[in-house]
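Residue numbers (our numbering), protein chains in the order written: chain U, -10 to 372; chain L, 23 to 312.
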């Protein structure tokens, strides 16, 4: 779960990391008021959960409350990389002396968190790593003991940071690690961490929480805002589906992430365009689950055909077939290509055949994935 | 021989009285797996399909001499269950549970560093040595004894491929599902090494997917240490960057973890990588029937 900048900054500020003075606004009038309060020169920042927001025009500096209002008029309601701007954060413009990068990630290979520090703040971490690999200072953190002061001192003194830089940095990164461990962050970032006349300030804030741990953090769950994703993906999240929308016309429903990806790949290889990735997960014993998955995929109006690829190792195939039939009463606008393997396979196929004969529903039963992919591509291309 | 599990493997099921645990216990028993006990705190003294249930792993191991455990407990309790199994010095712990918090997993790995216990998973379908033993939820019908070793990050995709192989007459020595988590216990390279040392395995099929760098690390291992031929397949070549494809590990982040990079790494060290799902059987046959 990704938190918005304003949400992350609130948490930062509550845990001893200084952030710029500012407030959230939803209308240009509010933006103007806040700019007046802050003394005129402000930065207006779109609160959308996309990377590269600044480059895409989501962060603007205003020299006066008038200008801030004008910027907000354009920004609020506009789209940044496909995400609608509903809220903006209005903050005092900082007097920047230096910009640093501070990041905290889980190093999956080493199976522990890593703190990343760099004097090259302002750009993204991949860019720093590529252009200035020697400037990336990495400190591994023991998930039980947490970050130790000496680790930071050792790393920064060796990198020739000044004594005052080291002691100021130490305060910031210790608090950042405390936040990360407390809220079980997958990633948290201050980029840039700005040195002003009065000390360090977190000019930006990123905080992504491990979804699997959210049950331990009900206070964060309340902040959840699904605007980070597409409309259909948002609905999928609410329904608990593993759905990703892609720009194509062949809907895909498979049980298992690997199987769904392999199915997508094969369709593309055969010249078709997948419309989505959907992994049904378990629970197919209940026909309602399959019904929900199929209905969701067909909601995408670009979908011309659905390829259902199910390997029912535990679930009985007749239950899967029942689900497909239930769904087709609503999703029958498009043909369904179905590959069904597993327990009671024949019975499942029989139900589907009977349903097709009775209602004229367009169902194509196939025996192999390639046959199914070929059929789906043919149907999508033929309309 | 086979790897990880065989006819001598003695298994306990943690969470045996739960719905999943009970169901899968029955299926493993039907396959011939030697299940010697179950663990369910507070239900010691009961039995499930005639298998004695114990309150603790320690007690179960003392009474039955088990060397392997399979864990079917919810994500919230999996951390405790894995540590309990490690504490009893089992050889292998198979954790099926999906959705374990990252920080729990990191602590589990920290504990494993000072232990000889191997962890398979979490979020994995387990392991099967066809005709000998199955510790997991892989469907029997997909497998048949033979000399191909399979190691994979996904479940149903592996069943699908194994079934095609079985139908084509290519049997398996052992099939290992390492799971779709970003921080698995046993990794590709660990399993490759075991297959390389196993006298019942001739060739290995590696089924990978986008995300992480496990396939690239496997390629390094293959280049320097592996003597047996390896065939590969990578799912997710059409996956868009920045979108998580179901598995917690299956995401292309910051341009890393793409299918192209994995395929290139594997081809670079002489692995025959199948372009798509339906070419896997042909690729394996080409190597095995050389």
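Using N, Cα and C, we set each Cβ at its ideal position, and we do this for glycine too. The structure presented is a predicted model; accordingly, all values stated were derived computationally and were not measured.
Start-to-end residues for the beta strand (DSSP E) that takes in residue i
i	result
residue 113/L	Taken as a continuous stretch (DSSP letters only), residue 113/L belongs to no beta strand (DSSP E), as it is neither H nor E.
residue 265/U	265 to 268
residue 226/U	First-last for residue 226/U: 220 to 228, but that is the alpha helix (DSSP H), not the beta strand (DSSP E).
residue 102/U	101 to 107
residue 325/U	325 to 331
Cross-strand partners of residue i (DSSP beta bridge)
i	result
residue 140/L	114/L
residue 42/U	In the DSSP output, where bridge partners are listed per residue, residue 42/U has none listed.
residue 225/L	170/L
residue 194/L	170/L
residue 413/U	No information on residue 413/U is available, as it lies outside the stretch -10 to 372 that chain U covers here.
residue 66/U	DSSP output for residue 66/U lists no bridge partner at all.
residue 188/U	185/U
residue 321/L	Any answer about residue 321/L is impossible in this case: the structure gives chain L only from 23 up to 312.
residue 275/L	278/L
Contact set for residue i: own chain, Cβ-Cβ below 7 angstroms, skip 5 residues either direction
i	result
residue 284/U	316, 319, 320
residue 305/L	253, 294, 296
residue 26/U	none
residue 287/L	237, 238, 241
residue 20/U	14, 33, 57, 58, 61, 77, 79
residue 46/L	94, 159
residue 309/L	225, 251, 253, 294
Partner residues on chain L for residue i, Cβ-Cβ distance less than 9 angstroms
i	result
residue 233/U	261, 262, 265, 266, 267, 268
residue 172/U	The contacting residues do not exist; residue 172/U stays about 10 angstroms from chain L at best.
residue 303/U	45, 46, 49, 159, 161
Delimiting residues of the alpha helix (DSSP H) encompassing residue i
i	result
residue 52/L	41 to 53
residue 85/U	Neither: residue 85/U is in no alpha helix (DSSP H) and is coded neither H nor E.
residue 164/U	152 to 172
residue 256/U	246 to 258
residue 2/U	-6 to 3
residue 151/L	Residue 151/L -> not in any alpha helix (DSSP H); beta strand (DSSP E) instead, spanning 148 to 151.
residue 99/L	97 to 109
residue 240/L	236 to 246
Cβ neighbours of residue i in the same chain (closer than 6 angstroms, five flanking residues each side left out)
i	result
residue 277/L	none
residue 151/L	24, 27, 28, 196
residue 270/L	203, 204
residue 67/U	74
residue 65/L	39, 75
residue 272/L	231, 232, 233
residue 291/L	241, 244, 245
residue 362/U	255, 256, 259
residue 132/U	101
residue 44/U	none
residue 128/U	104, 140, 144
residue 30/L	none
residue 83/L	110
residue 383/U	Residue 383/U is absent from the model: chain U starts at -10 and stops at 372.
residue 100/L	119, 122
Under 7 angstroms by beta carbon: chain L residues contacting residue i
i	result
residue 201/U	97, 121, 122, 123, 124
residue 263/U	260
residue 300/U	178, 181, 182
residue 268/U	268
Within chain U, partners of residue i - CB distance below 9 angstroms
i	result
residue 129/L	132, 133
residue 151/L	Here the premise fails: no neighbours, minimum Cβ distance about 18 angstroms.
residue 240/L	Under the 9 angstroms cutoff, chain U gives no residues; its nearest Cβ is about 13 angstroms from residue 240/L.
Residues of its chain near residue i, where Cβ-Cβ distance is below 8 angstroms and the 5 sequence neighbours each way are ignored
i	result
residue 277/U	312, 315
residue 311/L	none
residue 338/U	306, 310, 329, 354
residue 163/U	136, 138, 141
Cross-chain neighbours of residue i in chain U, by beta carbon under 7 angstroms
i	result
residue 257/L	247, 250, 251, 254
residue 189/L	The premise fails here: residue 189/L is roughly 10 angstroms from chain U at the closest Cβ pair, so nothing lies under 7 angstroms.
residue 170/L	Correct list: empty, because the minimum Cβ distance to chain U is about 18 angstroms.
residue 235/L	98
Within chain U, the residues that residue i reaches when beta carbons sit closer than 8 angstroms
i	result
residue 43/L	Chain U residues near residue 43/L: none, gap ~13 angstroms exceeds 8 angstroms.
residue 175/L	247
residue 297/L	258
Within chain L, partners of residue i - CB distance below 8 angstroms
i	result
residue 175/U	124
Check: residue i C-beta below 7 angstroms from any heavy atom of the ligand NAD
i	result
residue 142/L	Judged by which ligands are present, the structure shown has none, so any question about the ligand NAD falls away.
Checklist entry - Mind listing which residues of the region 98 to 118 of chain U have their C-beta closer than 7 angstroms to chain L's C-betas, in chain order? => result Taking a C-beta cut-off of 7 angstroms against chain L, the contacting residues of the region 98 to 118 of chain U are 98, 100, 101, 115, listed in chain order.
Checklist entry - For the region 236 to 260 of chain U, which residues have a CB atom closer than 7 angstroms to at least one CB atom of chain L, in sequence order? => result Listed by position, the residues of the region 236 to 260 of chain U near chain L (Cβ gap below 7 angstroms) are 244, 245, 246, 247, 248, 249, 250, 251, 253, 254, 255, 257, 258.
Next on the checklist: Under 8 angstroms, CB to CB, which of the residues in the region 222 to 233 of chain L have a partner in chain U?
Outcome noted: Across the region 222 to 233 of chain L, CB contacts with chain U closer than 8 angstroms involve 229, 231, 232, in sequence order along the chain.
Item to check | Members of the region 45 to 69 of chain L near chain U, C-beta cut-off 7 angstroms | outcome: Within the region 45 to 69 of chain L, no residue qualifies.
Next on the checklist: What are the residues in the region 359 to 370 of chain U lying within 8 angstroms of chain L by C-beta distance?
Outcome noted: Legend: CB atoms of the region 359 to 370 of chain U lying less than 8 angstroms from CB atoms of chain L belong to residues 359.
Item to check | Within 7 angstroms of chain U by C-beta, residues of the region 189 to 215 of chain L in sequence order | outcome: Near chain U, meaning a CB-to-CB distance below 7 angstroms, the residues of the region 189 to 215 of chain L are 202, 204, 205.
Item to check | Residues in the region 22 to 55 of chain U having any Cβ partner in chain L nearer than 7 angstroms | outcome: Of all residues in the region 22 to 55 of chain U, none has a Cβ within less than 7 angstroms of some Cβ in chain L.
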